[in-house]
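Enquirer:
Numbering (the numbering used here), first residue to last: 1 to 540.
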């Protein structure tokens, strides 16, 4: 898998320097590359308790992204998924520890415990006052004697950091950190493992499966489960957490493990909120990632007013999303004038049957049109048309089927609300203009022609631009001669778009010419299918 890096050997040091260069001078590093990689606060004066954390890289923005007033004083970075050395940790301790002392916040992995622990011993031998806490918040493997430290560590960073920033002594800061560790629980779920730079990707999770409780270094979880959707995934995670969290005010930290899109994270958050497990939320955001892992984790901390206040204390760190109360979704009525006036429903058996058949044609063609659109667009034309067709079928009882002067604009309004992208707008313009012409006494074919003219004026597309107009314009021109003539003209127009190598309008205008050769425009193809279907139904 291609990745945006130069060399595996310089990956971490270049990433750290990129972070420092973009920090506006807020961060400094020790001159110890490549073995000692320590990032610390540029404004640090050693007058308060120092907080030092760290571990292997690959979890960004943790840990260096949380160095700043109100959180960490320093982060000691190892190579990807590898603990920093004793010397590196000791260098970080010595660089930031004054008379107030230092607290090491360590995730529960053997390498981190050993290297941070020995560094603490050596720092104490040099006269520094050092305490260490170990975070073990992962509940994925219930029988594991040493639970892993994962994203719940961020609660420790924030609460201990707020106390240290306020001037609390080392004993108070350490006690608060231990209290958080005793209460916080975390678990994650992923659809895929991560890609370690320079190593082949492990294809452990089969398609259709999700892994529950895998570690932030890609370690296997407790089990692989069937993946259905976001709701079942989040519900499974919350059920595990609920077994370990009592009643009362809780804060949920919703963490993106690396490559889960913001859209997916928002859907997952919606489900989390519905479970009622927490009253406050941090995220959703990438806070402790696992390189490019397509997954998420949730950490839950029961809080008292003091802990909540420490979490709410503002920090000027882009990586920290802050804590917010979970509130009901606010909804207000649409503004006056936006909602169209509902037409008076009426029935016409022929019109109903015609619209029903047209809708069925579009629904049946969904897959084929998507495949065609994928060759020259984003592959959703069929789905867009099918969605609108289904909505139209469901709304026939509201339609003025016996009055074309009302039916045309009613169709336009319906499609503008149910069809995504530009298609809904184009058809709304088309049918509203056709309705205006029909109300003025024009024939059906003349009215539809006026609709097409308005679409060309507003949308800017014309015959030969490789759009639906290439099929619709000849079809409407031939319509007075009968549907079979219109269907033949539409088919010829749609097939001709495969010979047009450069689109001048629509999304295909942004597609390279070689991608268009030999493929009908999906909008024009849909028009041809509709006219051909109508001709078969009505004229046999």
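All C-beta atoms, glycine included, are put in the ideal place defined by N, C-alpha and C.
Please classify residue 248: is it buried, with 16 or more other beta-carbons within 10 angstroms of its beta-carbon, or exposed?
Expert: With fewer than 16 other Cβ atoms within 10 Å, it is exposed.
Enquirer: Can you check which of these residues, 128, 117, 106 and 178, is closest to residue 148 by C-alpha distance?
Expert: Among 128, 117, 106 and 178, the Cα nearest to that of residue 148 is on 106.
Enquirer: Which of the three DSSP states is assigned to residue 281 in this structure?
Expert: Strand at residue 281.
Enquirer: DSSP three-state call for residue 235: helix, strand or coil?
Expert: Note: residue 235 maps to helix in three-state DSSP.
Enquirer: Where do the N-terminal and C-terminal ends of the beta strand (DSSP E) with residue 211 fall, by residue?
Expert: Here the beta strand (DSSP E) through residue 211 covers 209 to 212.
Enquirer: Decide yes or no for the touch test of the segment 378 to 393 against the segment 326 to 341: beta carbon pairs closer than 8 Å, at least 3 of them.
Expert: These segments do not touch.
Enquirer: Just curious, the alpha helix (DSSP H) that residue 75 is in, first and last residue?
Expert: Here residue 75 belongs to no alpha helix (DSSP H); instead the beta strand (DSSP E) covers 74 to 80.
Enquirer: Please say whether residue 187 and residue 140 have beta carbons closer to each other than 7 Å?
Expert: Yes, the pair counts as a contact, with Cβ atoms nearer than the cut-off.
Enquirer: Please determine if the segment 221 to 229 and the segment 275 to 295 are in contact, where contact requires at least 3 C-beta pairs separated by less than 8 Å.
Expert: The segment 221 to 229 is not in contact with the segment 275 to 295.
Enquirer: Any idea which residues DSSP pairs residue 171 with across the strands?
Expert: Its beta-bridge partners do not exist; DSSP assigns none.
Enquirer: Would a C-beta distance cut-off of 7 Å place residue 67 and residue 96 closer than the cut-off?
Expert: Taking 7 Å as the Cβ cut-off, residue 67 and residue 96 do not qualify as a contacting pair.
Enquirer: Where does residue 1 land, buried or exposed, given buried means 16+ other C-beta within 10 angstroms?
Expert: Classification of residue 1: exposed, given that the 10 Å Cβ count is below 16.
Enquirer: Using 10 angstroms around the beta-carbon of residue 80, count the other beta-carbons present and answer buried if the total reaches 16, otherwise exposed.
Expert: Its Cβ being crowded by 16 or more others within 10 Å, residue 80 is buried.
Enquirer: So, with DSSP's three-state summary, where would you put residue 243?
Expert: Residue 243 falls in the coil class under three-state DSSP.
Enquirer: When DSSP labels each residue in this structure, what does residue 121 get in the three-state scheme?
Expert: Note: residue 121 maps to helix in three-state DSSP.
Enquirer: I think residue 418 touches residue 388, with their Cβ atoms under 8 Å apart; what is that distance to the nearest whole Å?
Expert: So it is a contact: roughly 5 Å between Cβ atoms.
Enquirer: Scan the segment 89 to 141 and note each continuous alpha helix (DSSP H) run of 4 residues or more that stays entirely inside, going in chain order.
Expert: If we require 4 residues or more, the alpha helix (DSSP H) runs fully inside the segment 89 to 141 come out as 110 to 125.
Enquirer: Rank 177, 185 and 472 by C-alpha distance to the C-alpha of residue 525 and give the top, closest one.
Expert: Looking at the Cα atoms, 472 is the closest of the given residues.
Enquirer: With DSSP run on the structure shown, which of helix, strand or coil describes residue 317?
Expert: Coil, per DSSP.
Enquirer: Output the boundary residues of the beta strand (DSSP E) element that contains residue 256.
Expert: Unbroken beta strand (DSSP E) run through residue 256: 250 to 256.
Enquirer: When the Cα of residue 529 is compared with those of 475, 130 and 498, which residue comes out closest?
Expert: With distances taken between Cα atoms, residue 529 lies closest to 475.
Enquirer: Within a Cβ cutoff of 7 Å, which residues of the same chain sit near residue 164, ignoring the five residues on either side of it in sequence?
Expert: Here the set comprises 48, 49, 51 and 173.
Enquirer: Check whether the segment 336 to 355 and the segment 393 to 404 touch, using three or more Cβ-Cβ pairs below 8 Å as the test.
Expert: Yes, they touch.
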